[in-house]
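Here is the structure we will look at, set down as structure tokens.
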Amino acid sequence: MSDILPTHPRAESLRIRERLADGFRAGLVAPEGLAAHGRGEAFDYILGEQTTVQARRAVEAAVAMLLSARRPVISVNGNVAALVPSEVVRLARAVDAALEVNLFHSSAEREEAIAGHLREHGAERVLGVEPKFSIQISEVHSNRRKVDRRGIAAADVVLVPLEDGDRTEALKKLGKGLIAIDLNPMSRTAQAADITIVDNIVRALPLMVKTAERLSRKSRVELRKILKSFDNSANLRATLGFMFERLERLSRG
Ligand code: PTJ
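Under my numbering, the first residue of the sequence shown carries the number 488, and numbering increases by one thereafter.
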């Protein structure tokens, strides 16, 4: 642990980096995960490190979709486990979703470490780590094709935070509802998902938990209404517009 002065202008960003670096040293995060985080940081900088109105709308729709699902699954990778372990467990509980470890850079040791980390943060059941339940989805071309028969394989809705593009498109082709959390609104995942939350996962997850607690009191009809009024393409265009405006304002000085 390093000493980050609370007065440092980038203190929060440095603390998040440190969580990820700790996660790397603990065997949760792949080395590539550190680079992926840097790409996310660059987009977050443009967003002003804030949750936009568009992200709030996407969160509302995403939670409505999760609460309406029959078999929702939250896919967990190394970065998610290192950055928001408690929040992802709380969200799974709030929307009654399964948690499944699913890695791009496949490693049995890291799968076990991530599952153990989630259990330490209160998860009762973690899928994706027992070979006897593992099956392959041939439509997915990366290591992520290995999924749990009781989880992603059977899911009707999957939340894929910090994802690489290929799987989102493949899971969509299989008829699953896809929710992405991705700071890059231009990524293939962001473009292919049904609902894309363009926000840092460290802000998006706590907001999703709060929203789930609120929306769980709504009827199915009300949840469907929220879902029907959400347009992902329009929301992504509005997010890009927000980013362009910020850059334009900064360039004018
Ligand atoms: O643990 P593994 O093996 O499953 O690997 C995980 C990574 C993230 C390395 C893997 O999925 C990967 O390579 O992802 P990509 O293709 O780099 O895509 C990650 C996306 O997440 C990029 O579009 C980033 O902008 C975005 N991103 C990075 N950090 C955050 C983020 N989005 C939200 N919150 C973040 N903190």
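All C-beta atoms in this analysis are idealised placements derived from N, C-alpha and C, irrespective of residue type, glycine included.
Exposed unless 16 or more other CB atoms sit within 10 angstroms - verdict on residue i
i	result
phenylalanine 729	buried
serine 703	exposed
glycine 525	exposed
proline 496	exposed
histidine 604	buried
serine 562	buried
threonine 494	exposed
arginine 512	exposed
glutamine 623	exposed
valine 540	exposed
leucine 492	exposed
leucine 515	buried
leucine 578	buried
glutamate 547	buried
glutamate 598	buried
Run of the alpha helix (DSSP H) containing residue i, from where it starts to where it stops
i	result
leucine 521	518-534
aspartate 587	The amino acid at residue 587 is misidentified as aspartate; the sequence shows glutamate. Not the alpha helix (DSSP H): glutamate 587 falls in the beta strand (DSSP E), residues 585-588.
glycine 514	From DSSP, glycine 514 is part of no alpha helix (DSSP H); its letter is neither H nor E.
leucine 737	719-739
Length of the line joining the Cα atoms of residue i and residue j
i	j	result
arginine 580	leucine 737	41 Å
arginine 690	arginine 636	31 Å
threonine 683	valine 576	20 Å
lysine 633	lysine 659	16 Å
alanine 657	threonine 726	25 Å
glycine 664	threonine 676	13 Å
alanine 568	aspartate 531	20 Å
valine 560	serine 629	19 Å
threonine 655	valine 550	18 Å
valine 699	leucine 553	In the sequence on display, residue 699 carries alanine and not valine. Alanine 699 and leucine 553: Cα-Cα distance of roughly 9 Å.
alanine 595	glutamate 735	46 Å
The beta strand (DSSP E) enclosing residue i, as first and last residue numbers
i	result
leucine 646	644-648
aspartate 635	633-635
Return the chain-ordered ranges of every beta strand (DSSP E) run that is complete within the stretch 534-621 and spans a minimum of 3 residues. 559-563 and 585-588
Residue ranges of each alpha helix (DSSP H) run of no fewer than 4 residues wholly in the stretch 657-712, ordered along the chain? 675-679 and 688-702
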